[in-house]
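Line by line, the protein sequences are chains A and B. For the record, in the first sequence the residue sitting at position 43 is 43 according to the numbering used here, with numbers rising by one throughout. Plus 109 on top of the position in the second sequence (first one is 1) and you've got the numbering used here. Each remark here refers to the structure printed beneath this line.
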Amino acid sequence: MNTENVDGITVALPSGRLDFGAAAAFQQQLEQAVAAKPRGLVVDCSSLDYVSSAGLRVFLVAARAAKAASVGFAVSSLKPAVKEVFDLTGFGNVITLCADRAAAVAALA
Amino acid sequence: MKTASWQLPGEASQLPNALGFLQGFWEEAELPAALGFTFELALEEVFLNVALHGADGSRVPSVVLELTACDTEVVLIVSDDARPFDPLTLATPDTTAALEDRTIGGLGVHLVRQMMDTVTYSHETGRNRLRMTKNLNQP
Numbered sequence: 001m002n003t004e005n006v007d008g009i010t011v012a013l014p015s016g017r018l019d020f021g022a023a024a025a026f027q028q029q030l031e032q033a034v035a036a037k038p039r040g041l042v043v044d045c046s047s048l049d050y051v052s053s054a055g056l057r058v059f060l061v062a063a064r065a066a067k068a069a070s071v072g073f074a075v076s077s078l079k080p081a082v083k084e085v086f087d088l089t090g091f092g093n094v095i096t097l098c099a100d101r102a103a104a105v106a107a108l109a
Numbered sequence: 110m111k112t113a114s115w116q117l118p119g120e121a122s123q124l125p126n127a128l129g130f131l132q133g134f135w136e137e138a139e140l141p142a143a144l145g146f147t148f149e150l151a152l153e154e155v156f157l158n159v160a161l162h163g164a165d166g167s168r169v170p171s172v173v174l175e176l177t178a179c180d181t182e183v184v185l186i187v188s189d190d191a192r193p194f195d196p197l198t199l200a201t202p203d204t205t206a207a208l209e210d211r212t213i214g215g216l217g218v219h220l221v222r223q224m225m226d227t228v229t230y231s232h233e234t235g236r237n238r239l240r241m242t243k244n245l246n247q248p
């Protein structure tokens, strides 16, 4: 997974499928990103095609870790199918979802 | 009408093979890609439930996947010979709970029930059988 730094905010870019097989590596990368104590952490999902409950769990774990470390956390650019999974589980109620990366960075600034 | 079935060991490491079977069927039957997401998700959730919770000691359950597509609907049946368990009896997760109180248990089955048109469980001839359908005209 690629990460970028925008004004002290780490932007993580998962791509393809976030399923059971990919979840552990994704979780490790997000935990490392939080541990580096950036101003904020944005997960830009513009290249993410698929997420299952195993993948959702990683967003939950990362959101909690970020909160505990006082690091702002936001998720952006969800494709419609992925957004449906967030909506059906109510994850959008507890995780900040933004239409695009710029909005997410602005939300954490 | 197109049908295909495949038997495989109920182990988490088999998930990519299970998905490969589904994707192969999807291409062959020329089914809509958008609907493929729903079925891939359902297959992952249901297959992993069997693989991660259905094992009885060291015995690996046997799983059979059956796919049927006709003009009006697609049907996926996942059956296994693990101990009898109806996943539809799992409590609906609280999708309004606060961040700290969220749990993942039951979320997969909740997603499957929300995304499919019908989900039915039966136990027949020693096998758990979960049947999921989606209407092709109402994606």
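The C-beta atom is built at its ideal place from N, Cα and C for all residues, glycine as well.
With respect to chain B, the C-beta atom of residue 19(A) has a partner C-beta closer than 7 Å. Under the Cβ criterion (8 Å, minimum of three pairs), the stretch 2-16 of chain A counts as touching the stretch 43-53 of chain A. For residue 83(A), none of the residues of chain B pass the 9 Å Cβ criterion, the least Cβ distance being about 12 Å. Just so you know, the alpha carbons of residue 138(B) and residue 72(A) end up roughly 45 Å apart. Assigned with DSSP and collapsed to three states, residue 140(B) falls in coil, not helix or strand. The beta carbon of residue 11(A) is closer than 6 Å to those of 4, 42, 44 in its chain, skipping five residues each way along the sequence.
The residue from 160(B), 203(B), 223(B) with its alpha-carbon nearest to that of residue 192(B) is 160(B). Around residue 186(B), no beta-carbon contact reaches into chain A at under 8 Å, the shortest distance being about 20 Å. Taken through DSSP and simplified to helix, strand or coil, residue 206(B) comes out as coil. Between the alpha carbons of residue 6(A) and residue 101(A) lies a gap of roughly 10 Å.
About 5 Å separates the beta carbon of residue 242(B) from that of residue 226(B), a gap short enough to meet the 8 Å contact definition. For the stretch 57-78 of chain A, the beta-carbon criterion of a distance under 8 Å to any beta-carbon of chain B is satisfied by 57, 60, 63, 64, 67. Boundaries of the beta strand (DSSP E) around residue 233(B): 227-233.
In the displayed model, residue 87(A) falls within a helix according to three-state DSSP.
DSSP places residue 241(B) inside the beta strand (DSSP E), whose first and last residues are 236-244. With fewer than 16 other Cβ atoms from the protein chains shown falling within 10 Å of its own Cβ, residue 165(B) counts as exposed. Contact check between the stretch 117-129 of chain B and the stretch 81-93 of chain A: fewer than three CB pairs, one atom from each, fall below 8 Å, which does not count as touching.
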